[in-house]
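Mapping the sequence shown onto our numbering, position 305 (from 1) lands on 305, and the numbers just tick up by one.
In this text, a Cβ means the ideal position worked out from N, Cα and C, and glycines have one as well.
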Amino acid sequence: MARPKCRRDRLARVAALTAILGALSPTLGGCLGFGGSSASRRAPPARAELSPPADVPLGVTPAVPAGSSPPLTPAAAGGNRIGSGTVKVALVLPLTGTGVAVGSAMRNAAQLAYDEGQQPDLTILVGDDRGSPDGARDATQDALKQGADIVLGPVFAANVQAAAVPAKAAGKPVIGFSTDASVASRGVFLLSFLPQPEVDRIVDESVADGKRSFAALIPETAYGNAVEAEFREAVARKGARVAAVERYAPGAPGPAVERLARVITGAGATADALFIPETAEAMPVVAAALTKAGYNPARVRPIGTALWNEPALFALPALQGGRFASPDRNGFSNFSGRYQARFGSVPPRVASLAYDAVMLSAALTRQYGSQRFAETTLTNASGFAGTDGTFRFRPEGLSERALAVYEIRNNAAPVVSPAPRVLAKPGT
Numbered sequence: 001m002a003r004p005k006c007r008r009d010r011l012a013r014v015a016a017l018t019a020i021l022g023a024l025s026p027t028l029g030g031c032l033g034f035g036g037s038s039a040s041r042r043a044p045p046a047r048a049e050l051s052p053p054a055d056v057p058l059g060v061t062p063a064v065p066a067g068s069s070p071p072l073t074p075a076a077a078g079g080n081r082i083g084s085g086t087v088k089v090a091l092v093l094p095l096t097g098t099g100v101a102v103g104s105a106m107r108n109a110a111q112l113a114y115d116e117g118q119q120p121d122l123t124i125l126v127g128d129d130r131g132s133p134d135g136a137r138d139a140t141q142d143a144l145k146q147g148a149d150i151v152l153g154p155v156f157a158a159n160v161q162a163a164a165v166p167a168k169a170a171g172k173p174v175i176g177f178s179t180d181a182s183v184a185s186r187g188v189f190l191l192s193f194l195p196q197p198e199v200d201r202i203v204d205e206s207v208a209d210g211k212r213s214f215a216a217l218i219p220e221t222a223y224g225n226a227v228e229a230e231f232r233e234a235v236a237r238k239g240a241r242v243a244a245v246e247r248y249a250p251g252a253p254g255p256a257v258e259r260l261a262r263v264i265t266g267a268g269a270t271a272d273a274l275f276i277p278e279t280a281e282a283m284p285v286v287a288a289a290l291t292k293a294g295y296n297p298a299r300v301r302p303i304g305t306a307l308w309n310e311p312a313l314f315a316l317p318a319l320q321g322g323r324f325a326s327p328d329r330n331g332f333s334n335f336s337g338r339y340q341a342r343f344g345s346v347p348p349r350v351a352s353l354a355y356d357a358v359m360l361s362a363a364l365t366r367q368y369g370s371q372r373f374a375e376t377t378l379t380n381a382s383g384f385a386g387t388d389g390t391f392r393f394r395p396e397g398l399s400e401r402a403l404a405v406y407e408i409r410n411n412a413a414p415v416v417s418p419a420p421r422v423l424a425k426p427g428t
């Protein structure tokens, strides 16, 4: 899981609870959902957690708002089991060691999902992976011995890989929360915020809006490697052209901006969109280098991924008129309000993944009986409707999501293209 900060949801009001899953609709194939277009056709060259994750430090307990009760810890929330149903589900999280704050919040989210799902016929076996591959393997093996039919988690890439070994040997699927596409495989599905669907969505929307020539300014990071591959494929797939791509060492974009200036500045600019997949922390330096070089965002539109979904960026001159793809905010806002009312703290952005995974398990159990976790059920092409929108799993384990597109203007970023409720036919 990546560590750039995400936008904290400050919604104080608890929204009216809606039935996320309710009756399983035939049009959605029956369950939950997330944001995206098409995920990567190739794995990133380096294995690293790639997308904006939690907005709390991994080893620190989330802050408690003034006047609130402290958040429930896993022990306070009910120990290592949630529910007492006949279908057993493993939930493997970092409850000690690296990632404990995120793991505790995701455990709380699983409890919330169980309660809001009218206490479905599930027993959730909560295992502590101790923030390590060995711990993930041990926790998974223990849950399988207790009769788990599916493994939800872990969070980190190496831990997902470790948990997948005993799960595959037992013929049980894994729904992991890592953002590293390279750990996905047949039977190991990723319910996470993958960057590749965000790249696809923003390129698709840009081409639909008339952009035909794309330049890119990409950091030399694992995230940059993954999104460059998808960027090139997405542009080619839409029949547009890549005018130029420049890479730069993190924190030192100046020379790359100078090399790119010929296609993004002045009257002779040949690009009409500039892709910048940079984090909120690093973007001000990149924006300053662009402004210094004479870059005009009104002439060459800046575009990005959900890393831009941070209010601190919305005032940068170089990003005015820029657009980025991200899950619809409303679903997480509603979830966050309910979470805060129950646990007394703001959930990290990834907490909704655990909520959706439990809701998905409950819905499939109600709808599909003994075929609830079969590959054909999990890879239903119509997808599922969840907290952050519609999503589906592909047979090779990657996920696709229905994403919204936002435009930055004057300290705000309203939606300019809503997230579709139904995903496009696979392969389009």
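Option in the options with minimal Cα separation from residue i
i, options, result
"ASN80", "ASP121, LEU125 and VAL100", "LEU125"
"ALA181", "TYR223, ASP204, ALA162 and LYS172", "TYR223"
"ARG232", "ALA215, ARG372, ASP328 and ARG323", "ALA215"
"SER132", "ALA101, PRO327 and LEU93", "LEU93"
"VAL358", "GLU310, ALA162 and VAL174", "VAL174"
"LEU151", "ALA170, LEU423 and ASP134", "Looking at the sequence itself, residue 151 is Val, so the reference to Leu does not match. With distances taken between Cα atoms, VAL151 lies closest to ALA170."
"ALA424", "ALA139, SER417, VAL416 and ALA402", "ALA402"
"CYS158", "THR179, ARG301, ASP209 and SER345", "Reading off the sequence, residue 158 comes out as Ala, not Cys. With distances taken between Cα atoms, ALA158 lies closest to THR179."
"LEU194", "GLU310, ALA226, PRO250 and SER336", "ALA226"
"TYR248", "LEU274, ALA109 and THR221", "THR221"
"ASN330", "ALA419, ILE82, LEU122 and ALA269", "ALA419"
"PRO166", "ASP209, ARG259, GLN141 and GLY99", "GLN141"
"GLY454", "PRO120, TRP308, GLU198 and ARG421", "With the chain covering only 1 through 428, there is no way to say anything about residue 454."
"GLU281", "ALA269, ARG259 and PRO250", "PRO250"
Other residues of its chain near residue i: CB distance less than 7 Å, five sequence neighbours each side excluded
i, result
"ALA184", "LEU190, GLU396, GLY397 and LEU398"
"LYS238", "VAL203, ASP204 and VAL207"
"LEU95", "PRO74, GLY103, SER104, ARG107 and ASP128"
"LEU112", "ARG338, TYR339, ARG342 and TYR355"
"LEU378", "PRO173, PHE189 and PHE393"
"ARG314", "It should be pointed out that residue 314 corresponds to Phe in this sequence rather than to Arg. ILE408, ASN411, ALA412 and ALA413."
"LEU290", "VAL257 and ALA318"
"ILE276", "LEU217, VAL286, PRO302 and GLY304"
"ILE264", "ALA215, ALA271, LEU274, TYR295 and VAL300"
Backbone secondary structure at residue i - three-state DSSP
i, result
"THR365", "helix"
"ASP128", "strand"
"GLU220", "coil"
"GLU281", "coil"
"ARG301", "strand"
"PHE314", "coil"
"PRO414", "coil"
"THR140", "helix"
"ARG237", "helix"
"ALA419", "coil"
"PHE231", "helix"
"GLN375", "Inspection of the sequence shows that residue 375 is occupied by Glu rather than by Gln. Looking at GLU375 - three-state DSSP - the assignment turns out to be helix."
"LYS145", "helix"
"GLU116", "helix"
"SER370", "helix"
"LEU398", "coil"
"ALA90", "strand"
"VAL442", "No answer is possible for residue 442: the residues shown for the chain start at 1 and end at 428."
"LEU403", "coil"
"LEU360", "helix"
"LEU319", "helix"
"ALA105", "helix"
"ALA215", "strand"
Cutoff 8 Å; reference residue i; Cβ partners in own chain excluding five residues on either side
i, result
"PRO414", "TYR406 and GLU407"
"ASP149", "VAL87, LYS88, VAL89, LYS172, ARG372 and PHE373"
"GLY29", "Because GLY29 sits at a pLDDT of 34, beneath the cut-off of 50, its placement in the model cannot be relied upon, and the point is left open."
"GLY321", "PRO297, ALA298, ARG301, PRO302, GLU407, ILE408 and ARG409"
"LEU122", "ILE82, GLY83, GLY85, VAL87, LYS88, VAL89, TYR114, VAL358, SER361, ALA362 and THR365"
Spatial neighbours of residue i in its chain, beta-carbon cut-off 6 Å, leaving aside the 5 residues before and after
i, result
"ARG372", "LEU364 and THR365"
"GLY176", "VAL160 and LEU190"
"PRO154", "VAL92, ASP129, ALA136, VAL160 and ALA163"
"ALA261", "ALA293"
Neighbour-count burial assignment, residue i, 16 or more Cβ in a 10 Å radius
i, result
"LYS292", "exposed"
"ARG323", "buried"
"GLU375", "exposed"
"ASN410", "exposed"
"SER84", "exposed"
"ALA412", "exposed"
"MET1", "Residue confidence for MET1 is low, a pLDDT of 47 falling below 50, so the modelled location carries little weight; the figure read from the coordinates is stated next. Under this definition MET1 is a buried residue."
"PRO255", "exposed"
"THR305", "buried"
"THR390", "buried"
"SER345", "buried"
"ARG186", "exposed"
Heavy atom of the ligand ATP within 7 Å of residue i beta-carbon
i, result
"ASN334", "Within the structure as shown, the ligand ATP is missing, as the structure has no ligands at all."
What ranges does the beta strand (DSSP E) occupy inside the segment 321-356, keeping only unbroken runs of at least 3 residues that lie completely in it? For the segment 321-356, whole beta strand (DSSP E) runs of length 3 or above, ordered along the chain, are 323-326.
Beta strand (DSSP E) segments (min. 3 residues) lying fully within the segment 160-213: Counting only runs of 3 or more, we get 174-176 and 188-190.
Where are the alpha helix (DSSP H) runs, 4 residues long or more, that stay fully inside the segment 241-292, in chain order? Qualifying alpha helix (DSSP H) stretches, in chain order: 254-264 and 283-292.
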